[in-house]
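Enquirer: First the structure, which I've put down as structure tokens, then a few questions once you've had a look.
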Amino acid sequence: MSRRPSPEAAASPAIRRKLGVVLVDPLPVVRAGISLLVDGRPDMEILAEAGDGKEGVDALSRVRRTRVVVLVGLGLEGERDASWLIRTVRERFPSHALLAMGANADPTMISRALFVGADGYVDKNVDPVDFLGAILKVADREMVLQGPVAAAVGRIADSIELRRDLDVRLTGREREVLAVAAEGLTARQIATRLGVRERTVTTHLGRIYGKLGVGNRLSAIRMAARSGMVSVGSPE
Amino acid sequence: MILGVVRLACDALPDVEIVAEASSGPAAVEAASSLTPDLAVVDLDLPGIDGVTVLRALRDRGFAGRIVVVSERTDGATVLDAMRLEVDAYLPKPDGLRRIGDAIRRVLEGERAIDAALEQAAVLELGRFARQARESSEVDSSLTPREREILELLAEGLTMQQIGRRLDISPRTVETHVANLYRKLAVRSRVQAVSRAASLGLIELR
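Chains as they are written, first to last, in this note's numbering: chain V, 1279 to 1514; chain L, 23 to 228.
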């Protein structure tokens, strides 16, 4: 047995890579604060930051690392919102860890982030030490739920289960109809939006009510909102 | 044993009195729904009945009071189940029993008293739960309506030929669908396919 250490082993403590973090949040002050926190640690560094979903994905495709932690602000809105970003990262960069962050997010929002693929959730109102601790935990592939929401574990699980049931029971088209209906559109408006006849929309709606065991549109929308399938109200 | 500990703990609390004691699940549910106490202490390890079933029965019967659970079971799945039934405290046996008086007092003051380690176990379970739910939904959306139909018939125990006759297609076509179905479910046999589909919540086994 040779006692000579391999070059990698000898060099590893010195060149050991810092944990890379990519930060996507719409609020510049939040990004600045988190950057200061992360870069203040000897074992972590911010590789890139972005203010919206598309920039976030662009930044990630320039990162030449197999494993980074992506921080996703749930305040991202629009077509490329936080859910879109989480799904996209899951698909295109499956080895990265995803940590969703929000400000007093409700259980439904958290359940939606977890359902689409986040490895954990951290609330922005936690102590900075706990925030950094959450980043290290998801980097180790450990599920985290940091913040006052820990008390809502049960409700988050309920919401995820409801979402799964709705997904499995409804067809893709029915989900689409329900999502548009949640915007408060009439059957005729839904038909115009989806480019189908009004009759088709009412048929879909009838089938949706049947599958969900509800009597009307409001109850169906309420159920979908509780599951996080459609969002009603503000994202944060 | 537990009853004795709870009695002692409650005696030491000035504003707390025991209104009923029960040594079986049904008796506990009966007592809680007729007397509507502010708080119920539930031992999840009663003989002959799953403690989570007792909790569910309590909530189903409309018991809206606070619940303190004591149990030997400290696995994430059980703790998560209990949290979904809105328990306010969860104390592991036997060590947690020493803190039962304190837990009862805190819960009556509106606090929660779930051990940090138990809560962490429930959070890990929640992570698994979310992953599985996502997987269910992904597998589900990958199946064609025809494959769904064949999956249901496989679960009913029909042979390929019977399925072919039922759907009026050739056994060869059924085989192709079944092969695709196995691939999407990542299984190699009918039994595996049915059990996996059931665990993903895609079919209900009767």
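Virtual Cβ for every residue (Gly too), placed ideally from N, Cα, C.
Only a predicted model underlies this, so the values are computations on that prediction, with no experimental measurement involved.
1) Under a three-way DSSP split, which group does L:D72 fall into?
2) Measure how close the beta-carbons of V:V1341 and V:A1360 come, nearest whole angstrom, since I'm counting them as under 8 Å.
3) Any beta carbon of chain V sitting closer than 8 Å to that of L:S14?
4) With a threshold of 8 Å between beta carbons, is V:A1435 in contact with chain L?
5) Report the rounded CA-to-CA distance for L:V101 versus L:L66, giving the unit in angstroms.
6) Keeping to the same chain, check which residues put their C-beta closer than 6 Å to that of V:T1478; ignore five residues upstream and five downstream.
7) Closest to V:A1459 by C-alpha separation, out of V:G1311, V:M1501, V:R1295, would be which residue?
8) Can you find the residues in the same chain that come closer than 8 Å, C-beta to C-beta, to L:S192, ignoring five residues on each side of it along the sequence?
9) Let me make sure I understand the geometry here. Which of V:A1498, V:W1362, V:S1313 has the alpha-carbon closest to that of V:R1453?
10) From which residue to which residue does the alpha helix (DSSP H) around V:E1420 run?
11) So, V:A1375 versus V:A1417, is the Cβ gap smaller than 8 Å?
12) Rounded to the nearest angstrom, what separates V:T1344 and V:E1420 at their Cα positions?
13) Considering Cα atoms alone, identify which of V:R1485, V:G1318, V:V1455, V:G1462 is closest to V:L1472.
14) Quick check: what's the CA-CA separation for V:E1323 versus L:Q142?
15) Give every residue of the same chain whose Cβ lies closer than 7 Å to the Cβ of L:A34, excluding the five residues on either side of it in the sequence, and list them in chain order.
16) So what's L:E197 in DSSP terms, helix, strand or just coil?
17) Once DSSP output is grouped into helix, strand and coil, what is the label at L:E39?
18) With C-beta atoms as the reference, is L:Y112 less than 8 Å away from L:D137?
19) Within 10 Å of its beta-carbon, does L:T181 have 16 or more other beta-carbons around it, so buried, or fewer, so exposed?
20) DSSP puts V:I1324 in a beta bridge; with which residues?
21) Is any beta-carbon of chain V found at less than 8 Å from that of L:V145?
22) Ordered along the chain, which non-local residues of its own chain (more than five positions away) have a Cβ less than 7 Å from that of L:G26?
23) For V:G1311 and V:D1303, I'd like the C-alpha separation in whole angstroms.
24) Checking 8 Å against the spacing of the C-beta atoms, do V:G1331 and V:W1362 come in under that value?
25) Starting from the N-terminal side, write out each stretch of the alpha helix (DSSP H) that is 4 residues or longer and does not extend beyond the region 1440 to 1465 of chain V.
26) Using a 10 Å radius around the Cβ and a threshold of 16 neighbouring Cβ atoms, would you call V:S1512 buried or exposed?
27) On the criterion of 16 or more Cβ atoms from any shown chain inside 10 Å, does V:G1318 qualify as buried, or is it exposed?
28) Which whole-angstrom value is the C-beta distance of L:H199 and L:I172, which I expect to be below 8 Å?
29) Counting pairs of Cβ atoms below 8 Å between the region 40 to 53 of chain L and the region 1420 to 1430 of chain V, do you hit three or more?
30) Report the partner residues of L:I136 according to the DSSP bridge assignment.
31) According to DSSP, is V:V1431 part of a helix, a strand, or is it coil?
32) For L:A135, which option in L:A49, L:A215, L:R218, L:V63 has the closest C-alpha, if you only look at C-alpha atoms?
33) Check this for me: beta carbons of V:G1298 and V:V1335, under 8 Å apart or not?
34) Just checking: is the beta-carbon of L:L176 within a distance shorter than 8 Å of some beta-carbon in chain V?
35) Along the beta strand (DSSP E) that carries L:A34, what are the first and last residues, could you check?
36) Alpha carbon to alpha carbon, how far is L:E178 from L:E216? Give it in angstroms, no decimals.
Expert: Reading from the atomic positions:
1) coil
2) At roughly 19 Å, the Cβ-Cβ gap does not stay under 8 Å, so V:V1341 and V:A1360 are not in contact.
3) Limits of chain L in this structure are 23 at one end and 228 at the other, which puts residue 14 of chain L out of reach.
4) yes
5) 11 Å
6) none
7) V:M1501
8) G186
9) V:A1498
10) Careful: V:E1420 lies outside any alpha helix (DSSP H) and carries neither H nor E.
11) yes
12) 18 Å
13) V:V1455
14) 27 Å
15) G123
16) helix
17) coil
18) yes
19) exposed
20) V:V1299
21) yes
22) none
23) 11 Å
24) yes
25) 1450 to 1459
26) Its pLDDT being 45, under 50, V:S1512 is placed unreliably in this model, and the coordinates cannot settle the point.
27) exposed
28) 5 Å
29) no
30) L:Y112
31) helix
32) L:V63
33) no
34) no
35) Counting along the chain, L:A34 falls outside any beta strand (DSSP E), and DSSP gives it neither H nor E.
36) The question names Glu, but residue 216 of chain L is Val in the sequence shown. Answer to the nearest angstrom: the Cα atoms are 9 Å apart.
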